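Start counting the sequence shown at 1; every next residue gets the next number (our numbering).
We put the beta carbon where it would ideally sit given N, CA and C, even for glycine.
Source: prediction; values computed, not measured.
For reference, the structure is listed below as structure tokens.
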Amino acid sequence: MQDPIAQDADTLCFGLHPDVTDLVVADRQAALHLTGDLRSSLEWNLEQTGLLVRRLRTGGLALDDWLDQAASASDGGAEAGDILAFLLRGRLLIWWHGTPDRRELIIEPVRGSFDPTTPVDPGTDLTLSELAVVSHADGEVVLNEPLAPVVLRILPSALSLLPAILACGRDPDDPAVPVLPPAVRDTLARCGVLRPRDADAPFAAAWTPWEWWLHHQLRDDGHLRRVLASSRRAKVPRVLERQVAPRETATPLPPRAQAQAKVPFDVVMESRRSLREPTETPLTRDHLGSLLWSVARYRDDRPAPDPALAFRNIPLAGALGEIEFYVAVHRCEGLERGFYFYDGTDHVLGSVAEPGEALDAMLKDVAKRLFIGDAIPDVVVVLSTRQARLSQKYYGGAYRLTLIHVGIVYEALYLAATELGLSPCAVGFADIGHFARLTGRHPFAETSIGEFALSGPVAG
Ligand SMILES: Cc1cc2nc3c(=O)[nH]c(=O)nc-3n(C[C@H](O)[C@H](O)[C@H](O)COP(=O)(O)O)c2cc1C
């Protein structure tokens, strides 16, 4: 039996995008009804163009058929070409490899620049970019090529093509490398999924596949639209409540002393520096209280329409309070060594973990990344994120927002520490395992997302 994915008749086909709910054809014009109550329209003069538009209602047609029929019109296909270009620009078509009635590989345009009408010379040395990423979403295997204006969805019946797609252009002389059927190769080349070998931009090497993929998912309208339509969105657990520390055991922190001398903003900005080494004078509970008061406490004096909202002095998208503050204390006057949760509602610290191996490992990890030898910072402020809290509203964009939030918090911590005359330094990388060990939380529920070292006052 012939392999269904390598049938000679298979070719590039297309039909109306699922976003087009109806196509109403009248004399020389048609109305497209789109999801979200949107509409669009087409107009033409030639009878043959009208016949082609009507064929769109049949479910699917082969691109070559369309182009052949269009070319036989009195204008040589110019008007039908304009209609096709309009539908491509509006992402009003869905494409696939197979036959008009059978889909194997679905080619979903994510940009209006997608134009598969120009064939690629079969002799071209094609390859799949090393930045391509294969993932599994909504029950389908999806291939994202970094520069292609499409996403390739590989249906189960075509999964056996995947090795040949991934291997394309790798080592053509190696008989063990699977070969792509020419028709599939042609389809993928027309769609930009396979590209001439040297087509990658020189700066492609600056990106790992995962970074570029994430950037695309988070910054490209076409990809965002797909993410928002994901059925996984509905499965995000509802997390509404703020986290609090058990009141009985909480350690109260002093608020920022109102009498404290104020330093002008420009002086704070100009004198901010990363100071990594702990100084002779340890940090105190007053310092920590002042710093967290300015940056992290909840502002319940602001009228909040919804008690689940979390206003702090730092701006956070959606005011959903997904960022939490923890403090790993090594040396702080008035506070025992240990790992604490900062409860911004009552401005108190709740004990999370006693001193021990997990705390030591975490502090040492941070110290190593600050290049301070055997020294340990007085405290490390650990930021965590509860992804579900943001995903409820910003599904697909939550991680981007939470990283932006970390940057905001870092700068606020720098400025607050500078004003207090302390020694602050942000930390770019640290192992998420420390937080998981110290809190016992599953990273899906809550995971560390940033560390910030803080030590006592600078001498003088
Ligand atoms: C996001 C971020 C991550 C950082 N990560 C580290 C780090 O892991 N280790 C370190 O020693 N310094 C780190 N720093 C401090 C920078 O090295 C420092 O800001 C930079 O050298 C400029 O110096 P300045 O802060 O004194 O102006 C980080 C700073 C930022 C903003």
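Check                                                                                                  : Outcome
For Ser274, the three-state DSSP class (helix, strand or coil)                                         : coil
Coarse secondary structure for Arg91, derived from DSSP in three states                                : coil
Residue span of the beta strand (DSSP E) that contains Pro424, given as start and end                  : Ser423 to Val427
Distance cut-off 8 Å: Leu370 Cβ against heavy atoms of ligand 1                                        : yes
Ligand 1 heavy atom lying under 8 Å from the CB of Tyr340                                              : no
Asp3 burial status per 10 Å Cβ neighbour count (16 or more: buried)                                    : Interpretation of Asp3 is limited by its pLDDT of 49, a score under 50 that renders its predicted location unreliable; no figure is taken from the coordinates.
Integer Cβ distance of Leu105 from Leu155, believed to fall under 8 Å                                  : 7 Å
Residue interval of the beta strand (DSSP E) (run including Gln243)                                    : No beta strand (DSSP E) contains Gln243, which DSSP labels as neither H nor E.
Beta-bridge pairing of Pro196 - partner residues as DSSP gives them                                    : Leu126
Heavy atom of ligand 1 within 8 Å of Ser384 beta-carbon                                                : no
Any non-hydrogen atom of ligand 1 within 8 Å of Ala426 CB                                              : yes
Tyr326 - DSSP class collapsed to helix/strand/coil                                                     : strand
Contact belief for Leu34 with Asp19 at Cβ below 8 Å, rounded distance in angstroms                     : 5 Å
Option nearest Thr249 by Cα separation, candidates Trp212, Gly350 and Ile408                           : Gly350
Whole alpha helix (DSSP H) elements within the stretch 133 to 168, 4-residue minimum                   : 162 to 167
C-alpha distance - Arg285 paired with Leu228, whole-angstrom precision                                 : 45 Å
Beta-carbon spacing of Pro146, Trp207 below 9 Å                                                        : yes
Cβ neighbours of Asp365 in the same chain (closer than 8 Å, five flanking residues each side left out) : Ala430, Asp431 and His434
Contact test: Gly407 Cβ vs ligand 1 heavy atom, cutoff 8 Å                                             : yes
Cβ-based burial, Phe371 [other Cβ within 10 Å; buried from 16]                                         : exposed
Inter-residue Cα distance where the pair is Thr11 and Val380                                           : 59 Å
Assigned exposure category for His97 - 16 Cβ within 10 Å defines buried                                : buried
Alpha helix (DSSP H) runs wholly inside the stretch 19 to 50, at least 4 long, in chain order          : none
Distance between Asp343 and His17 (C-alpha atoms, nearest Å)                                           : 49 Å
Exposure of Ser72, with buried meaning 16 or more beta-carbon neighbours within 10 Å                   : exposed
Nearest-angstrom beta carbon gap, Pro424 and Leu403 [assumed within contact, 8 Å]                      : 20 Å between Cβ atoms; not a contact.
Three-state secondary structure assigned by DSSP to Phe452                                             : strand
Buried versus exposed, by CB contacts within 10 Å (16 or more), Phe14                                  : buried
For Ala319 and Met1, the rounded distance between their alpha carbons                                  : With a pLDDT of only 38 at Met1, under the threshold of 50, the placement of this residue in the model should not be trusted, and no figure is reported.
Residue interval of the beta strand (DSSP E) (run including Arg103)                                    : Arg102 to Pro109
Cβ-based burial, Leu159 [other Cβ within 10 Å; buried from 16]                                         : exposed
Opening and closing residue of the alpha helix (DSSP H) in which Val409 lies                           : Ala398 to Glu419
Among Phe311, Pro278, Trp210 and Pro246, the one whose alpha carbon lies nearest that of Leu422        : Pro278
beta-carbon Ser274 near ligand 1 non-hydrogen atom, thresh 8 Å                                         : yes
Alpha helix (DSSP H) segment containing Tyr395, residue limits                                         : That residue, Tyr395, is in no alpha helix (DSSP H); it is neither H nor E in DSSP.
Delimiting residues of the alpha helix (DSSP H) encompassing Asp186                                    : Pro182 to Arg190
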